[in-house]
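Which chain is which? The protein sequence lines are A and B, in order. Every letter in the first sequence is one number past the one before it in the working numbering, and letter 497, counting from 1, is 1566. Every letter in the second sequence is one number past the one before it in the working numbering, and letter 130, counting from 1, is 521. Using N, Cα and C, we set each Cβ at its ideal position, and we do this for glycine too. Quick caveat, the model's predicted, so the values are computed rather than measured. Each remark here refers to the structure printed beneath this line.
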Amino acid sequence: MKRRMLALLLAGAMAFSVTACGGGGVSSKDQRKEDSKSDKQVGIEISSEEQGPPPEDAPVGGQFVVGISPGSLTPDMRNGWAANATNSGFIALMEGYDTVIEKRDRTLDWDPVVVKEHEVTANDDGSKTYRIVINDNLKWSDGTPITAKDYVFGILMNSSPEYAACEADATRGWALVGFNEFNSGEKKEFSGVRLLGDYEFSVTMTAEELPNYFELSNISYSPDPLAAIAPGVDVKDDGNGAYLTEEYTEDLLRKTLLDPETGFRYKNPVVCGPYKLKNIDLSTETVELEINEEYLGTYDGTKPHVQSIISKPVATETARDEFEKGTIDTYGAGTAEKIEAAMTKIEEGEWEFNYGIVPGSNMTELRFVCDFGPTQFEEVRRAIAYILDRDEMTKQLTGGYSHVVDCYATDASSNYLATKDILEKELTHYSYDLEKAKQELIAGGWTLNEKGEEYQEGVDKWRYKEVDGELMKLKVEVACGEDDYSKLYNTVIPPEAEKIGMEYKYTSMDFALIINHMNREGVDPTYNIFYSSVGVPEIVYYWRAFDDAPELMGLWNQSRISDEGLKTTTKAMQKIDPEDTEEFRKAYVEFQKAWNKALPSVPMECGVSYSFFNPKLKNYVPRAYDGWSGCILDAYIEE
Amino acid sequence: MAKYILKRLGYIVIVFFLLSFLLFGIFKMVPGDPARLMVEGQKMSVSPEQYEMLYQQARERLGLDKPLPVQYFSWFGNILRGDLGYSSVYRLPVIELIGPPMKNTIALNVVYYIFLFLIGIPLGIKCAVKKDTVFDTSVQVATMIGISIPFFISALVFIFLFAIVIPIFPISGMVTTGANYTGFRAFLDYMYHMALPVIVSLTGMGGLIRYVRGSLLDALSMDYVRTARAKGLKEKTVIYKHAFRNALIPITGWIVGSIVAIFGGAVIIETLFSWKGVGKLLIDSLNQHDYTVALSMQMFYILLGLASNLITDLCYCIVDPRIKLD
Chain A
1070 MKRRMLALLL AGAMAFSVTA CGGGGVSSKD QRKEDSKSDK QVGIEISSEE QGPPPEDAPV
1130 GGQFVVGISP GSLTPDMRNG WAANATNSGF IALMEGYDTV IEKRDRTLDW DPVVVKEHEV
1190 TANDDGSKTY RIVINDNLKW SDGTPITAKD YVFGILMNSS PEYAACEADA TRGWALVGFN
1250 EFNSGEKKEF SGVRLLGDYE FSVTMTAEEL PNYFELSNIS YSPDPLAAIA PGVDVKDDGN
1310 GAYLTEEYTE DLLRKTLLDP ETGFRYKNPV VCGPYKLKNI DLSTETVELE INEEYLGTYD
1370 GTKPHVQSII SKPVATETAR DEFEKGTIDT YGAGTAEKIE AAMTKIEEGE WEFNYGIVPG
1430 SNMTELRFVC DFGPTQFEEV RRAIAYILDR DEMTKQLTGG YSHVVDCYAT DASSNYLATK
1490 DILEKELTHY SYDLEKAKQE LIAGGWTLNE KGEEYQEGVD KWRYKEVDGE LMKLKVEVAC
1550 GEDDYSKLYN TVIPPEAEKI GMEYKYTSMD FALIINHMNR EGVDPTYNIF YSSVGVPEIV
1610 YYWRAFDDAP ELMGLWNQSR ISDEGLKTTT KAMQKIDPED TEEFRKAYVE FQKAWNKALP
1670 SVPMECGVSY SFFNPKLKNY VPRAYDGWSG CILDAYIEE
Chain B
392 MAKYILKRLG YIVIVFFLLS FLLFGIFKMV PGDPARLMVE GQKMSVSPEQ YEMLYQQARE
452 RLGLDKPLPV QYFSWFGNIL RGDLGYSSVY RLPVIELIGP PMKNTIALNV VYYIFLFLIG
512 IPLGIKCAVK KDTVFDTSVQ VATMIGISIP FFISALVFIF LFAIVIPIFP ISGMVTTGAN
572 YTGFRAFLDY MYHMALPVIV SLTGMGGLIR YVRGSLLDAL SMDYVRTARA KGLKEKTVIY
632 KHAFRNALIP ITGWIVGSIV AIFGGAVIIE TLFSWKGVGK LLIDSLNQHD YTVALSMQMF
692 YILLGLASNL ITDLCYCIVD PRIKLD
């Protein structure tokens, strides 16, 4: 009997012997129930308009646990190497004191906490010099003062060949005069960067980057701790541009940046942002940040109030359970199934959490390649838009939690939101209409059959057009992945295309191969359409993205489109005074109209996600573009 | 024996070389450009000239600017020197990347195998001895169910039962968040988080139980067992001294194979329990076209596999004197 029991007991032994070791460290369900007895408000939707700095009497303390995707944390605690979205949240909280910041209304401005005064001078050669005087009360997390040398060092190091030799991204000063010579090691001075005093420096933006409505985005520089990263090195300026003394070498950087135990890349020991790194353990994927007491605050006085921020790896499959159990403090639901399941719990009072609805900044699209084949013709692109029932497809894919847009924007964009009413009236909403699709093709000259005779519907299968003396078949090739979106599009679109005499052929492939084809890396142009999800950031250099200069094709101009309307409207946007928002928005409307007509891609949908969070978090306002790291800076904790 | 070992070592070198050549070729044939993926994110943040420069630098860093034979011999030479290469995704030496997850994988597997053998072998023996009894049938049915249910289902069921309904285990993770335990308390915390993944893994122990049971049943049907019983030996002596020692011969392969498996990750368990191990790292590397990582790990497993084959054969020779190695 004893032996019989032994085998069974062994199976359970580990389970029960270690059970006693658990607990501690995080809030529990019981704790939440206790909390709910107080007058805590739960189940409330928090609007993004409620965002703002925490109240002056907000308490400092508490702990915020953020769930991260298992395996996603890289060792990088500093930008420049392989920091991904997971790392970026933590890194963003350790960075600060940029000369130019994006304010809550998404406009760019000088940060008054950092910049005491600035002066902009237009130079004869078309370049612009920005003289910047910083405040003398800024400090690093180790208590040492931040001076102009730290700012200049930041630009120099992050543009230097020595930094590049450490496999880092050495392009920080790319928009400044003299970058190429400095970056290649040809010159030791960076002529576009000047050290003018203990708290004064200047940068000169190259004429090629001007005019630029978003020019301030290229003048947003943060400091790097010279004394800590490059001990013994000095920043000097003899009149030809700032430079680093000869003690600055690759070996020195390898020692201070890349040492696994102490290097800035992995431990970032001296920072100037709201938080500093307390601990990182890669084997358990734990990052712990704590408040940097030396931090003076953001432009509007926001200072951190949550004492400790900790990561916890959580699988997608168990994230909701972890959140419900209280082991993580936020839970993002991005699909209809997840949103509805969570909202049901909120509505039925099972979940005592609050939430915010966050518009996505990504949109899915059918991106055309506009420099070869049938999709080089805008009539074909529009015809394809007319054979799609975008509203219905979007509903099927997202359960109604996203919607169709008709321009190059998402609901996250402030410019789009400000002009939405006008755009909705002005833009063509391409909806399923086979007749209009056929009319577009006829107008575009797709009126022949394979023999070069007139195309007869019901008799001829495919349309042709005479291009440069030869017949071109109306056949589009699509490169796509194997996701749900691609599957639906590939099921629905080909039969509709056939109805208008268009052959629509798709090939599913690996992402890396799609990238190869997009970049035409060792392959001939083959595919006319790529299904893609594209991020539409607040700041877009539209004038580059739709410029048809050969060197921009396939890089900035990803659709390889050459369209006069797009070029004219975007060049107009480029030249607008950075402070004239109203004028920019007028030009923005014109651009979107041109885009909607030329249709470099068919926008399919842009979605929303629901961000649920523990009600112990006060003033936590989920919103577009800012991830958890942006929201937590405003928040404080009331247990 | 020494001659045999030397000969096998020679084979190992040749097989390792050939497989390295084959695998390198296969990875190189996979479409996609790791250097392009490395700089893709910077496409719209620098000028076209600078982007091209970054791309060329990435090619150089990954050694892609050299002819294929040079790439192969350079890579193979580095492997032999213990330099596993450079991850294009993490921008780190592969050896630094593999360290932490390998530690977790080994820890999880060691504990798993200890419990597997402690439970599986006695259960297998008991089933063989009690063949066709209620106990045997129950174990067979239970283990068959365990084998039949995929880990991703059993893991979710166990999480639901033992972390949510009866919350005696954490749902996932490796440490209690924010607890910052040290020393023995940290060890206990680590083991506490390991418990549920190990228990779920043990639901698949039916294979070993059935293997042991089968081997022992074969041994028990042998004439020497009948002779032993006829001599009047105690049943315990018959089973453990005569039958089980012979049954151990095929089980040896299992046990030695486990030594190799200790280094292998379990993707589903690692993913669902957020256990940072090499299984997920390998899959992620393949998905992200981080070939250096994937290739290095494959070569490591090949070497382990080849070594374990040799060790298994040597072990057979030790446990069964009838086997002669030439």
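In the DSSP assignment, residue 1548 of chain A forms a beta bridge with A/1576 and A/1599.
Within the segment 462–495 of chain B, the residues whose Cβ lies closer than 7 Å to any Cβ of chain A are, in chain order, 480, 481, 482, 483, 487, 491, 494 and 495. Cβ-Cβ separation between residue 665 of chain B and residue 1139 of chain A: approximately 4 Å, consistent with a contact (criterion under 8 Å). Positions of the alpha helix (DSSP H) runs, each at least 4 residues long and wholly inside the segment 1589–1658 of chain A, are given as 1611–1614 and 1633–1644 in order along the chain.
Taken atom to atom, the span from the alpha-carbon of residue 608 of chain B to that of residue 505 of chain B is near 24 Å. Listed in chain order, the positions of the segment 1380–1406 of chain A with a beta carbon within less than 7 Å of a beta carbon of chain B are 1381, 1382, 1383, 1384, 1386, 1387, 1390, 1391, 1394 and 1396. By the CB criterion at 9 Å, residue 1405 of chain A and residue 1452 of chain A fall outside the cutoff. Flagged as an interface residue toward chain B: residue 1591 of chain A, by a C-beta distance shorter than 9 Å. Taking C-beta atoms as the reference points, residue 1231 of chain A and residue 1317 of chain A count as a pair closer than 9 Å.
In the pairwise beta carbon analysis, the segment 559–578 of chain B is classified as not touching the segment 514–525 of chain B: fewer than three pairs are separated by under 8 Å. In the three-state reduction of the DSSP assignment, residue 1179 of chain A falls in the strand class, which pools E and B. At least one beta carbon of chain A lies nearer than 9 Å to the beta carbon of residue 675 of chain B. With respect to chain A, the C-beta atom of residue 635 of chain B has no partner C-beta closer than 9 Å. With a cut-off of 8 Å on Cβ pairs, the segment 1428–1448 of chain A is in contact with the segment 1470–1487 of chain A, counting three or more such pairs. For residue 1295 of chain A, same chain residues with a beta-carbon under 6 Å away, outside a window of 5 residues either side, are 1218, 1219 and 1222 in chain order.
Measuring C-alpha to C-alpha distances from residue 1409 of chain A to each of A/1469, A/1357 and A/1440 identifies A/1469 as the nearest. Under the DSSP assignment, residue 1198 of chain A falls in the beta strand (DSSP E) whose first and last residues are 1197–1203. Distance between residue 1338 of chain A and residue 449 of chain B, taken at the CA atoms: about 28 Å.
By the C-beta density criterion, residue 612 of chain B is exposed, having fewer than 16 other C-beta atoms within 10 angstroms. In summary, residue 669 of chain B is buried, with 16 or more beta-carbon neighbours lying within 10 Å of its beta-carbon over all protein chains present.
Within chain A, the residues whose beta carbon sits less than 9 Å from that of residue 433 of chain B are 1238 and 1240, listed in sequence order. At least one CB atom of chain A sits nearer than 9 Å to the CB of residue 671 of chain B. Less than 9 Å separates the beta-carbon of residue 1150 of chain A from that of residue 1237 of chain A. In summary, residue 411 of chain B is buried, with 16 or more beta-carbon neighbours lying within 10 Å of its beta-carbon over all protein chains present. Close partners of residue 1129 of chain A in chain B (Cβ separation under 9 Å) are lacking, with about 17 Å as the shortest Cβ gap. Residues of chain A whose Cβ lies closer than 7 Å to the Cβ of residue 438 of chain B are, in chain order, 1243.
Contact between residue 414 of chain B and residue 689 of chain B holds: CB atoms are separated by about 6 Å, below the 8 Å threshold. For residue 1187 of chain A, the pairing in a beta bridge is given by DSSP as A/1201. DSSP places residue 1313 of chain A within a strand segment (E or B) once states are collapsed to three. Note that the segment 489–506 of chain B does not touch the segment 693–704 of chain B; fewer than 3 beta-carbon pairs, one per stretch, sit closer than 8 Å. Among the CB atoms of chain A, none fall inside 9 Å of the CB of residue 715 of chain B.
Take the alpha-carbon of residue 1556 of chain A and the one of residue 1242 of chain A: they are about 43 Å apart. Shown here, residue 1525 of chain A sits in coil according to DSSP, grouped into three states, outside any helix or strand.
Beta-bridge analysis with DSSP links residue 1682 of chain A to A/1399 and A/1423. At least 9 Å separates the beta-carbon of residue 1169 of chain A from that of residue 1185 of chain A. If you ignore the 5 residues before and after residue 1645 of chain A, its C-beta comes within less than 7 Å of the C-beta of 1282, 1652, 1653 and 1656, all in its own chain and listed in chain order.
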